[in-house]
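Report on the structure given below.
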Amino acid sequence: MMQANKKESILEIRNLNKKIDRQTVIDDIHFSIQKGDIYGFLGPNGAGKTTTLRMITRLIFPNSGDILIDGHSIKNDSFLALSRVGSIIENPAFYLHLTARQNLSLSAKLAAVKVPKTRINEVLSIVDLKEAKDNKVKTFSLGMKQRLGIANALLCYPSLIILDEPTNGVDPMGLREMKTLIKRLAEKEKITFLISSHMLREMEDLCHKAAFIQSGKIVEEGDISELFRVYQVNNLEDLFFACIKENLTS
Amino acid sequence: MIQQVKHDIFYVLYNRKYRLLILLTILLTAGLTIYTAVNTNAGEDILILVFGSFRQMYWIICAYFIADLLSTDYHSQTFKNIIPKLSIRNHYYLSKIIVATLLGIVILLIHVVTSWLTIGSLAAGIELNYFNLSYFLCGALLSLLFYSSMLAFVIAISGKETVTIGVALGLILLQALMEGLDPVVSAHFPTMYVSTLHDLVSANLLTGIISISCYLIFTFLLFIGTIKIFSKQDLFT
Amino acid sequence: MKNIWTLTSFEFKRMLTSKMLLVYTLIYAAMYVLTGVIFKVYGAGKTVVAGYGQSFPVEMLQAGITFTAVFVAIYVGEILIQERNNGTIKFVLLRSVSRFQYYISRIISIFLFSLLLTFIIILIGYVVGLLFFGWGDTFVFYSVTTSGWQGIGVTVLAGLAFAFAYFIFGLIALLVSQVIQRIATLAMLMGLSTLVGQYIVIYDQIKQYVIYEHLLFFHINLFEKSISYSVTSFGILVGYLIVLGTAGCFLFKKQDLYV
């Protein structure tokens, strides 16, 4: 596995382990993500992607190992570590009886950094929800909720955004816009993205680097173009199957 | 319809909390029976006294499982898996009401058997009085059907699990407070019907018939109201 | 501190506009009106009230033990179990809100709910009491006989004691709710516990340490027993608060949230 440069890493996962009901679901995984990366986190269903992302965001706790965000350990310094992280885990959750704007307003009040009121309109415009800002979230489609989730993740000027299956329910137009948005935010605002998804074609367009996880273990990790060369493939789908298959047969 | 009844029965059978509910019924009954046997001098009426103490708890348990059965698809957002399989939406609540009523009767029988066995093991051979079982079960059937239909109506209107459980438990407790006041009035309360139906009918057949008819009519009206609302309702879950 | 304030005020606003509060108000109103009707029809012997509008609210507080317990449990379910089930707990926790802050905001919300519920009960009591009995010239509550503002003072003091006992009961529900998935289950268990709890309080040696005794009598004992007894009871409730608050918070901080 290729080693990432520690000095520039924004997220560092160190020997993470998690057991659920005595079953090991995350088995000693470690990888790091550098600032400005769009990092894919790929694997089959039940591989441990969401569990890892939940551990990064402290929704669940590892049995051992540590996670460093911008140099701060989430074990000892979770407030600082998570203060500049935006995320959607599994599916975006909102108060359905409130409007999109009211949800974001509440979210802004709970943020570690001061969020000006104009920022709410700004992020709603970014995800193209400005027209629907005063509609109750219960009337939103799944795709609209995903976009609102991204707006919420962007709200507090994050340096790292974690997206778990962000393309669920998003239409082809929205998908294209989301890809452009992620690329733009990574390039211009130097926001780092950690994205877990099954949409390999979309991920291939977006990601520079990726980790492949299977049965709770990282089976391959590194620069995607480098991995194409090593595995002698020319697209992410083939690379995915090559990594997963190799691990199955070994 | 049969598919939906099967589905609801399996939901009850495979749900651990319903097994715990039965265990709770057995433990409460055994505890109350022993407590009553030790602390009172009820003689041959002891089982009636035990049921008197258990009755409020029984209705709280009933309110719980009726509300739980009715609200499970609201809670788990599983309407989309259930409704498309039904030929008519009306079957949905009909099945829930039937299964809830049957479960209530099963729990009542478990109480009867447990209290009887507990007393039997404490004092074998003692002669005991009990309610007339056919009226006892008929009272349970009518009151459970009525209560289930009423809660189905509440959930169809409100669409909220919390409102349903609040109304379910609130009305049980309201009856519990009021039932000691005037036996003539409280004999008709759903929470009292199990033990009072026989007396009602034997004291005055006409009053008994009117009371039973009222139960049947109100149950029917509530059910019709429920299905009228539900059949036109947009389900976003 | 800012986060606790934001979460608590959000919950308080939600509480004020919830359908459940309306249901509670209607049920209490029905209970109080029925008590008034029964008093008028059957006389004082059939009810717990003496027939004075000014003392009706405080006399009726005890009548609703299981009601109030169930309603507190349902509220606790709404602010923790429902947040977990709907996933909105992660909406909050994925921001810079620590679990400690979140749990403290729940505790404060329960306290505010207990106060609000007691306020509603007392208000309904005054309205129904005035309608059925008029204000009257005497305030009678166990051995306390007074009138006017002093009576209102006794009612407020008893109400605060009543609310405090139910707040502690709410903390038990909050602790239990961490291992329960459905609001209905929590409400049923807490409601049943009050019925079973009434059997425990017959044992004189332990009853002062049992929460159910305080749900029933804390607001009465304040006027009927010695000061040292009331101080001890208050101390016991504070002890409950510290133990339940700490244990609940510790559990919550360690809990994996699969939301």
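Residue numbers (this note's numbering), protein chains in the order written: chain F, -12 to 237; chain A, 16 to 252; chain R, 171 to 429.
Backbone N, C-alpha and C define an ideal beta-carbon position, used for all residues, glycine too.
Remember, predicted model here, so these are calculated numbers, not experimental data.
When you compare each of the options to residue i by their alpha carbons, which one comes out closest?
i        : options                                   : result
F/Asn139 : R/Arg265, R/Gly415 and R/Phe209           : R/Arg265
R/Ile294 : R/Ser403, R/Lys183 and R/Leu196           : R/Leu196
A/Ile81  : A/Phe233, A/Phe204 and A/Ile187           : A/Ile187
R/Leu341 : R/Ile280, R/Ser403 and R/Ile249           : R/Ile280
F/Lys243 : F/Thr37, F/Ser146 and F/Gly203            : This structure cannot settle anything about residue 243 of chain F, because the visible part of chain F is limited to -12 through 237.
R/Tyr382 : R/Phe393, R/Glu394, R/Met360 and R/Leu286 : R/Met360
F/Glu189 : F/Met160, F/His84, F/Thr39 and F/Ile47    : F/Met160
A/His90  : R/Phe270, R/Thr355, R/Leu301 and R/Ser313 : R/Thr355
F/Arg134 : F/Leu193, F/Leu67, F/Leu168 and F/Lys36   : F/Leu168
R/Gly321 : R/Val310, R/Ala331 and R/Leu330           : R/Val310
F/Ile13  : F/Ser19, F/Asn78 and F/Thr39              : F/Thr39
R/Ala233 : A/Tyr230, A/Gly185 and A/Leu64            : A/Gly185
A/Leu125 : A/Ser226, A/Leu43 and A/Phe238            : Looking at the sequence provided, one finds Ile at residue 125 of chain A rather than Leu. Measuring from the Cα of A/Ile125, the nearest candidate turns out to be A/Leu43.
A/Ile112 : A/Leu38, A/Asp249 and A/Leu166            : A/Leu166
R/Leu386 : R/Val219, R/Leu365 and R/Ser396           : R/Leu365
A/Leu160 : A/Leu132, A/Pro99, A/Val65 and A/Ile227   : A/Ile227
R/Thr315 : R/Val267, R/Tyr379 and R/Val228           : R/Val228
R/Ser268 : R/Leu204, R/Ile372, R/Leu177 and R/Trp319 : R/Leu177
For residue i, decide whether its Cβ has a neighbour in chain R, counting only Cβ atoms nearer than 8 Å.
i         : result
F/Val196  : Residue identity check: residue 196 of chain F is Lys in the sequence provided, not Val. Taking Cβ atoms only, chain R never reaches closer than 8 Å to F/Lys196, which makes this a no.
F/Tyr82   : yes
F/Lys36   : no
A/Met16   : no
F/Phe180  : no
A/Gln190  : no
A/Leu196  : yes
F/Ala68   : no
F/Lys204  : no
F/Leu48   : Here residue 48 of chain F is Phe; the residue named in the question, Leu, does not match the sequence. So, interface residue.
A/Leu184  : yes
F/Ile107  : no
A/Asp83   : yes
F/Leu(-2) : no
A/Gln71   : yes
Just checking: is the beta-carbon of residue i within a distance shorter than 8 Å of some beta-carbon in chain F?
i        : result
R/Arg265 : yes
R/Gly260 : Gly is not the amino acid found at residue 260 of chain R; the sequence shown has Lys there. With 8 Å as the cut-off, R/Lys260 counts as an interface residue toward chain F.
R/Gly367 : no
R/Phe180 : yes
R/Asn255 : no
R/Thr176 : yes
R/Ser363 : no
Could you give the first and the last residue of the continuous beta strand (DSSP E) run that contains residue i?
i        : result
F/Asp151 : Leu147 to Asp151
A/Thr129 : Unbroken run through A/Thr129 is the alpha helix (DSSP H), Asn105 to Leu137; no beta strand (DSSP E).
F/Thr179 : Thr179 to Ser183
F/Leu97  : Per DSSP, F/Leu97 belongs to no beta strand (DSSP E) and is neither H nor E.
R/Val218 : Taken as a continuous stretch (DSSP letters only), R/Val218 belongs to no beta strand (DSSP E), as it is neither H nor E.
F/Val206 : Lys204 to Asp210
Following the continuous alpha helix (DSSP H) through residue i, name the residue where it begins and the one where it ends.
i         : result
R/Gly295  : Arg269 to Phe303
R/Thr316  : Not the alpha helix (DSSP H): R/Thr316 falls in the beta strand (DSSP E), residues Val314 to Thr316.
R/Ile208  : Lys189 to Tyr212
R/Asn256  : Gln252 to Asn256
F/Gln133  : Leu129 to Leu141
F/Glu(-5) : F/Glu(-5) -> no alpha helix (DSSP H), and no H or E assigned at all.
R/Phe115  : Nothing about residue 115 of chain R can be reported from this structure: the residues present for chain R run from 171 to 429 only.
F/Phe199  : Where F/Phe199 is concerned, there is no enclosing alpha helix (DSSP H), although the beta strand (DSSP E) it sits in stretches over Lys196 to Gln201.
Whose C-beta lies closer than 7 Å to the C-beta of residue i among residues of the same chain, with five residues either side of it excluded?
i        : result
A/Ile244 : Ala171 and Ile172
R/Ser284 : Val242, Ala333, Tyr336, Phe337 and Gly340
Go through its chain and collect everything with a Cβ distance to residue i's Cβ below 8 Å, but skip five positions before and after it.
i        : result
A/Val178 : Val169 and Ile170
R/Leu414 : Ile338, Leu341, Ile342, Leu344 and Leu345
F/Met42  : Leu3, Lys5, Ile13, Phe48, Pro49 and Ile54
Any C-beta of chain A sitting closer than 8 Å to the C-beta of residue i?
i        : result
R/Phe387 : no
R/Val228 : no
R/Ile197 : yes
R/Tyr273 : no
R/Met185 : no
Apart from the five residues just before and just after residue i, which ones in its own chain have a Cβ nearer than 6 Å to its Cβ?
i         : result
A/Tyr29   : none
R/Ile291  : Tyr198
A/Ser68   : Leu47
R/Gly223  : Gly299, Leu300, Phe303, Gly304, Trp305 and Gly306
F/Lys(-6) : A caution first: F/Lys(-6) carries a pLDDT of 48, below 50, which makes its placement in the model too unreliable to give a value.
A/Leu123  : Ala155
Ordered list of beta strand (DSSP E) runs contained in the segment 12 to 86 of chain F, each at least 3 residues: With a minimum length of 3 residues, the continuous beta strand (DSSP E) runs that stay inside the segment 12 to 86 of chain F are 25 to 29, 51 to 56 and 72 to 75.
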